[in-house]
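Written out below as structure tokens is the structure these notes cover.
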Amino acid sequence: MKTSTRVVVIGGGVVGCSVLYHLTKLGWSDVMLVERSDLTSGSTWHAAGGFHTLNGDTNMAALQGYTIRLYKELEEITGMSCGLHHVGGVTLADNQDRMDMLLAERAKHRYMGLETEIVGPDEIKKIAPVTNVDGVIGALYDPLDGHLDPSGTTHAYAKAARMGGAVIETHCMVRETNQRADGTWDVVTDKGTIHAEHVVNAGGLWAREVGAMAGVYFPLHPMEHQYLVTEDVPMIVEMMKDGIEHPHVMDPAGESYLRQEGNGLCIGFYEQPCRPWAVEGTSWDFGQDLLPDDFDKIEDSIEFAYKRFPDLERAGVKNVIHGPFTFAPDGNPLVGPVPGMRNYWSACAVMAGFSQGGGVGLMLAQWMVEGECERDTFAMDCARFGDWITPGYTRPKVIENYQKRFSVSYPNEELPAARPLRQTPMYDIFDQMGAVWGAQYGLEVPNYFAEGDEPRYETPSFRRSNAWEATKREVKAVREAVGINEVHNFGKYLVTGANARGWLDRIMAGRLPKPGRLSLTPMLSEKGRLIGDFTISCLSDEAFQLTASYGSQAYHMRWFEQHEADGVHVENISDRLNGFQIAGPKAREVLQDCTLSDISDMRFMDIRHLTVGMVDCLVQRVSYTGDLGFEIYCDPMAQRSLWQTLWDAGQAHGMKPFGMRAMMSLRLDKFFGSWQREFSPDYTPGETGMDRFINWSKEVDFIGKHAALAEREKGAERTLVAFEIDADDADVVAYEPIWHDGAVIGFCTSGGYSHHAGKSIAMGLIPTDVAEDGLAVEIEILGQMRAAIQISTPLFDADGARMRG
Ligand SMILES: Cc1cc2nc3c(=O)[nH]c(=O)nc-3n(C[C@H](O)[C@H](O)[C@H](O)COP(=O)(O)OP(=O)(O)OC[C@H]3O[C@@H](n4cnc5c(N)ncnc54)[C@H](O)[C@@H]3O)c2cc1C
1 MKTSTRVVVI GGGVVGCSVL YHLTKLGWSD VMLVERSDLT SGSTWHAAGG FHTLNGDTNM
61 AALQGYTIRL YKELEEITGM SCGLHHVGGV TLADNQDRMD MLLAERAKHR YMGLETEIVG
121 PDEIKKIAPV TNVDGVIGAL YDPLDGHLDP SGTTHAYAKA ARMGGAVIET HCMVRETNQR
181 ADGTWDVVTD KGTIHAEHVV NAGGLWAREV GAMAGVYFPL HPMEHQYLVT EDVPMIVEMM
241 KDGIEHPHVM DPAGESYLRQ EGNGLCIGFY EQPCRPWAVE GTSWDFGQDL LPDDFDKIED
301 SIEFAYKRFP DLERAGVKNV IHGPFTFAPD GNPLVGPVPG MRNYWSACAV MAGFSQGGGV
361 GLMLAQWMVE GECERDTFAM DCARFGDWIT PGYTRPKVIE NYQKRFSVSY PNEELPAARP
421 LRQTPMYDIF DQMGAVWGAQ YGLEVPNYFA EGDEPRYETP SFRRSNAWEA TKREVKAVRE
481 AVGINEVHNF GKYLVTGANA RGWLDRIMAG RLPKPGRLSL TPMLSEKGRL IGDFTISCLS
541 DEAFQLTASY GSQAYHMRWF EQHEADGVHV ENISDRLNGF QIAGPKAREV LQDCTLSDIS
601 DMRFMDIRHL TVGMVDCLVQ RVSYTGDLGF EIYCDPMAQR SLWQTLWDAG QAHGMKPFGM
661 RAMMSLRLDK FFGSWQREFS PDYTPGETGM DRFINWSKEV DFIGKHAALA EREKGAERTL
721 VAFEIDADDA DVVAYEPIWH DGAVIGFCTS GGYSHHAGKS IAMGLIPTDV AEDGLAVEIE
781 ILGQMRAAIQ ISTPLFDADG ARMRG
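What follows is the structure, given as structure tokens:
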């Protein structure tokens, strides 16, 4: 056996084989895959082999599209068959909410180049005749849907990888992964030890056990899953005489997916009485095994399916496949460099290996070979969970995800499982004040505050929700008096040391502030993509506080650690520093009432240490609301005291608490971009206007400088702009297409309702040469074309007089 290699991929399921193939495709041929049994010995061999592009996350949908198109390429390279059946598929809607979801998906597909179509009941009956369309109001038809042979496809990946120089060692069990001081790995197998620069965990059903060998907890859990294959169905036999294969039918109401198998049908269920599998860990004795049939679990689902697909009831069951596969808490894969580890990569929790395996392999290989991926992978980045995650959280979340696999997923929905997990000292106070809670990165965050007999629950919807009045009220309080909310959901970092300034100057593209001041700066990847949007406060020449997105803590810390240097120390202090933001015309008066220090000379973007009430605080004069505002940071142990001081003083000035819904409305008044919406690795500084924060004159070769300079020279081809929309009861969420002269010219990055201006607003990217104030476009919201006008004057405080005054 080969004992030294650049990469060892652990696991020969469809995902491991795809990673191996993509590494060779991108030029790394000294790579190896180790499989404890035969290839496909985990979930892969018993998969139903279905594939589809539909995914709520746009980048995941694009990667699913890539995966599906890849199969032809694999067949051509290897001469092997993947057993492809490109039969197309319909996803049914039996109520308006489901239809709204499909309309929103269809709209996104327009600029992604996916040829999906909305079809009505009559057409559904023609396309998919086994369907009883009673109660169905429409469907999304996707010509790319289909199925394949799971084993043949995995072996085709393996052959293509071998053709690129990879070595595959089967019947070779990995028992230990031990890291050497230089960051390389000894992979101990029962056939000997392999020395490798990198390790990839593609252990599928055993990914938890493989991770534990390196001391890493992977937040995933296996679930049992069942599908049935019927005897011949006369309607299918008849269709096959004309050479017509029946397409797939996804029936969310029945939580089922159906396709043709031979001359019969195959139907699988995401049943509500679902069961997690191998709670204590996956046994090494489990191999190409199936679980005992369990019809009780799917009894209700079958009953529903008999109504939707009456032919099923008349066909005998030929085969039952009941097996386990893994999920992460949100159902998306866990991919990328594992935070806190060197040269250890994840390719786990891929619950739809035949829809996603190709994309996962491509992204991971790009990351390893080229240092970064071509698109934003955050939706599947293993760094989207922090070290707060535990098996106790993962299991209920995975069950919830399984149960909701076919549910409508609403843009404003807050899922209830495994909550509350993390709360600040303000939780009970805000709860008593009517907080309606959301969760971010495991933390409870008030979305808004219900008053009187308003419900403590926001109705999930694609349209304007019942949070409307409360949000409006909170926006009004900020714009006309003063609002208060917590700064708990900011990621916060302390950068200290003699080299702190020098290091930050290289890591960040912007200007670093002098002591007592703060600045805003983008952080760029080598290829000049936006990987962070930071506020930097200079506490002293050797100490800086950074703030950024709360949900990106592991993502940002991983980057900082990858670029660690002598003379600088970076600490994640996100949960060790808390406090409040107060914003609005009365904010200064409130703060002045709470401190003996004179703050009248505190300028916009100044920072100062002040004693507020009894509490020593770091106060920054800045606010994401775009208003006159202060962020007041303190030790969480003193937070309730600080609250009492600010709240008591605020009463004379009409203070109200406000939540994230109001915050998102307020920032739209000023067209402020938001992380993961306007700013993400999908975009560049030139496209998003973040280039105005780049310090072009600094001598330091900051990361991403060459790419950013090249973009500046050439000019960005697309530009982020704002629109006012003639909307009705639904506003832009994200990724709605922007039409001009009958063609899609761009898409929205986010949007919402400006309660201050009483206008529906969207932000989006369109070609730079088309963008101009007053440009008339149409934005497709839930299948309806809405007239929109490009606007460039902020809706509030256009000259910044209030914010800076
Ligand atoms: C009933 C059912 C139906 C499904 N239908 C579909 C479908 O229609 N479409 C779809 O896309 N997906 C489907 N899936 C999901 C699909 O099967 C998985 O997404 C996919 O198989 C995951 O592949 P993997 O490579 O990540 O993991 P696995 O297939 O579990 O592979 C992991 C491999 O790692 C090896 N391994 C583990 N530990 C070690 C070690 N220590 N040393 C060496 N080797 C090790 C194992 O032996 C195994 O071969 C279905 C799943 C089930 C259960």
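Start counting the sequence shown at 1; every next residue gets the next number (this note's numbering). We treat Cβ as the ideally placed atom computed from N, Cα and C, and that holds for glycine.
Query	Result
Give me, in chain order, the residues of the same chain whose beta-carbon lies closer than 6 Å to that of ILE791; leave out the 5 immediate sequence neighbours on both sides.	ALA722 and GLU724
Do you know how far the Cα of GLY629 is from the Cα of VAL478?	10 Å
Considering only the alpha carbon of each residue, which of PRO273, MET239 and PHE385 lies closest to GLY264?	MET239
Flag this pair as yes or no: are the beta carbons of SER674 and SER750 separated by less than 8 Å?	yes
Select from TYR111, LYS108, GLY113 and VAL133 the residue whose C-alpha is nearest the C-alpha of GLY120.	VAL133
I want to check one thing, is the minimum distance from the CB of THR40 to the heavy atoms of ligand 1 below 7 Å?	yes
If you compare alpha carbons, which of GLU687, TRP206 and GLU224 is closest to PHE218?	TRP206
Is it the case that the CB of ALA305 approaches a heavy atom of ligand 1 more closely than 7 Å?	no
What are the start and end residues of the beta strand (DSSP E) that includes GLY532?	530-540
Does the beta-carbon of TRP206, which I'm using as the reference point, lie nearer than 7 Å to any heavy atom of ligand 1?	yes
What number of angstroms, rounded off, separates the C-alpha of GLY27 from the C-alpha of HIS756?	54 Å
VAL338 and ALA347 look like a contact to me (Cβ under 8 Å); what is the Cβ gap, rounded to whole Å?	Not really, about 11 Å apart at Cβ, beyond 8 Å.
What does a CB cutoff of less than 6 Å around TRP503 pick up in its chain, not counting 5 residues either side in sequence?	ALA565 and VAL568
Helix, strand or coil: how does DSSP classify GLN581 here?	strand
Less than 7 Å separating the Cβ of TYR227 from some heavy atom of ligand 1?	yes
Tell me, please, which residues DSSP counts as bridged to ILE831.	This structure gives no information on residue 831, because the portion of the chain shown stretches from 1 to 805.
Hey, quick one: how far does the beta strand (DSSP E) through SER549 stretch, first residue to last?	543-549
Find out if the Cβ-Cβ distance for the pair PRO329, VAL216 is shorter than 8 Å.	no
Using a Cβ-Cβ distance cut-off of 8 Å, determine whether HIS52 contacts chain D.	Any reference to chain D falls outside this structure, which holds one protein chain only.
Give a single yes or no on whether VAL14 has its beta carbon closer than 7 Å to a heavy atom of ligand 1.	yes
Would you mind listing the beta strand (DSSP E) stretches within the region 569-636 that are 3+ residues and don't spill past its ends, in chain order?	569-572, 578-583, 607-612, 615-620 and 629-634
Could you tell me the distance, in whole angstroms, from the CA atom of TYR111 to the CA atom of VAL744?	7 Å
Helix, strand or coil for LEU70? Go by DSSP, reduced to three states.	helix
Look at the alpha carbon of ALA788 and the alpha carbon of THR688, and state the distance between them as a whole number of angstroms.	20 Å
Could you tell me whether the region 75-94 touches the region 191-202, using the rule of 3 or more Cβ pairs below 8 Å?	no
Within a Cβ cutoff of 8 Å, which residues of the same chain sit near CYS266, ignoring the five residues on either side of it in sequence?	ALA48, TYR227, LEU228, VAL229, THR230, LEU258, ARG259 and GLN260
Can you tell me the Cα-Cα spacing of ILE194 and LYS2, whole angstroms?	7 Å
Quick one: using the 10 Å Cβ neighbour count with 16 as the cut-off for buried, is GLY621 buried or exposed?	Per the sequence shown, residue 621 should be read as Arg rather than Gly. With 16 or more Cβ atoms within 10 Å of its Cβ, ARG621 is classed as buried.
Any heavy atom of ligand 3 closer than 7 Å to the beta-carbon of ALA202?	Among the ligands in the structure shown, ligand 3 does not appear; only ligand 1 can be found there.
Rounded to a whole number of angstroms, what is the C-alpha to C-alpha distance between GLY56 and GLY746?	19 Å
For VAL770, does the three-state DSSP call read helix, strand or coil?	coil
Excluding the 5 residues preceding and the 5 following LEU415 in the sequence, name in chain order all residues of the same chain whose CB lies nearer than 7 Å to its CB.	GLU400
Report, in whole angstroms, the separation of the C-beta atoms of VAL249 and THR131, which I expect to be a contact under 8 Å.	6 Å
Give me the Cα-Cα distance between PRO681 and SER525, rounded to the nearest whole angstrom.	8 Å
Go ahead and label THR596 buried or exposed: buried means 16 or more other beta carbons lie within 10 angstroms of its beta carbon, across all protein chains shown.	It should be noted that the sequence gives Leu, not Thr, for residue 596. Result: exposed.
Considering only heavy atoms of ligand 1, does any lie closer than 7 Å to the CB of PRO324?	yes
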